[in-house]
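Okay, structure first, notes after.
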Amino acid sequence: MVEFSPEVIDTVIRAAALLGAGFAMIAGIGPGIGQGYAAGKAVESVARDPEARGNIITTMLLGQAVAESTGIYSLVIAIVLIFTI
Amino acid sequence: MKYINDPNRMQIEIIKRTYMLSIIPIVYALIAGEFETLLGFILGLIISTLLLRLRVLNIERSLDMPEGKADTFIRNRYFIEYLIYFAVLVVAKRNPSLNFLATAVGLFMMKFTVIIWAIFDMAKGGLQNKLKDYKDLKEDKYEKGGQ
Numbered sequence: 001m002v003e004f005s006p007e008v009i010d011t012v013i014r015a016a017a018l019l020g021a022g023f024a025m026i027a028g029i030g031p032g033i034g035q036g037y038a039a040g041k042a043v044e045s046v047a048r049d050p051e052a053r054g055n056i057i058t059t060m061l062l063g064q065a066v067a068e069s070t071g072i073y074s075l076v077i078a079i080v081l082i083f084t085i
Numbered sequence: 001m002k003y004i005n006d007p008n009r010m011q012i013e014i015i016k017r018t019y020m021l022s023i024i025p026i027v028y029a030l031i032a033g034e035f036e037t038l039l040g041f042i043l044g045l046i047i048s049t050l051l052l053r054l055r056v057l058n059i060e061r062s063l064d065m066p067e068g069k070a071d072t073f074i075r076n077r078y079f080i081e082y083l084i085y086f087a088v089l090v091v092a093k094r095n096p097s098l099n100f101l102a103t104a105v106g107l108f109m110m111k112f113t114v115i116i117w118a119i120f121d122m123a124k125g126g127l128q129n130k131l132k133d134y135k136d137l138k139e140d141k142y143e144k145g146g147q
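Chains as they are written, first to last, in my numbering: chain A, 1 to 85; chain B, 1 to 147.
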């Protein structure tokens, strides 16, 4: 059986943690695309019914505030992986 | 919540409710004497309040743009906000006088408030509907009994 030195094991763990942080950051892209799409549709809705502007802004604000959470979850995980190990 | 049509009023309502909900962890941190947690939480809360204001301004600006441009604008602004979140979290992680998890919770407080508020509204609406159905049923029975 091949035995690795503690330095090698440490390096592998660190590399895996950094790789995991990179993968976690992929989750940050999704909300951006989704929010952009929602904004496009909101513009379309305001063009169709300008009187509903206030209602559209409030709905969009709440939607965007909640949609962003998944992106921040991934950010927190990535920072923990980068700085803890 | 869904009946508020004025964005400024909605913004003030969200901030007010978030701060009301935040009193619980702040008092807990004060009683426990965990000042790192308190500072981290307050930092997260302040940044999330400012980012909410920024988001409202961005949304209002985007609605005056053509569809494709609004799409790109909001996407770019999201990534700028993401960078701000990253900077705050890195500062909280590297600074020993700030608790990292408390900062993250402070950043999330606004989202938790919106979700809790929506659930509360939903439960309230469901309960009111059930009560109305029950009253209608009772009135029907009473009318039938009277005949």
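Built from N, CA and C at the ideal position, the CB exists for glycine as well. These numbers were taken from a predicted model, which means no experiment stands behind them.
If you check each beta-carbon in the region 86–106 of chain B against every beta-carbon of chain A, the ones closer than 7 Å belong to Phe-86, Leu-89, Val-90, Lys-93, Ala-104.
For B:Ser-48, same chain residues with a beta-carbon under 7 Å away, outside a window of 5 residues either side, are Gly-106, Leu-107, Met-109, Met-110 in chain order.
In the structure shown, B:Asn-5 adopts coil according to DSSP, grouped into three states. DSSP, reduced to helix, strand and coil, places A:Pro-31 within a helical segment of the structure shown. Sixteen is the threshold: since fewer than 16 other Cβ atoms of the shown chains lie within 10 Å of the Cβ of B:Arg-9, the residue is exposed. In chain B, no part has a C-beta under 8 Å from the C-beta of A:Ala-27; the shortest such distance is about 11 Å. A:Leu-81 places its beta carbon less than 8 Å from that of A:Ala-17. Between the alpha carbons of B:Ile-24 and A:Arg-48 lies a distance of about 44 Å. According to the DSSP assignment, B:Asp-64 belongs to no alpha helix (DSSP H), since it is labelled neither H nor E. Chain-ordered, the chain B residues with CB closer than 7 Å to the CB of A:Leu-61 read Pro-7, Met-10, Arg-55, Val-56, Ile-59. Interface annotation, A:Pro-6: not in contact with chain B, CB-CB separation never under 8 Å. Judged by DSSP secondary structure, A:Phe-4 falls outside any alpha helix (DSSP H); it is assigned neither H nor E. For B:Gly-126, the three-state secondary structure derived from DSSP is helix. Per DSSP, A:Glu-51 lies in no alpha helix (DSSP H) segment and is marked neither H nor E.
Counting the other Cβ atoms within 10 Å of the Cβ of B:Val-27 gives fewer than 16, which makes it exposed. Residues of the region 8–27 of chain A with a C-beta less than 7 Å from any C-beta of chain B: none at all. The DSSP-derived three-state label of B:Leu-98 is coil. Note on geometry: alpha-carbon atoms of B:Phe-120 and A:Ile-13 lie some 44 Å from one another. Annotated three-state conformation of B:Glu-81 is helix, per DSSP. In this structure B:Arg-61 is exposed. Its beta-carbon is surrounded by fewer than 16 other beta-carbon atoms within 10 angstroms.
Residue nearest to B:Thr-37 within the set B:Leu-137, B:Tyr-134, B:Phe-100, B:Asp-64 is B:Phe-100 (criterion: CA-CA distance). Here B:Leu-30 has Leu-38 as same chain residues with Cβ atoms under 8 Å from its own Cβ, once five neighbours each way along the sequence are excluded.
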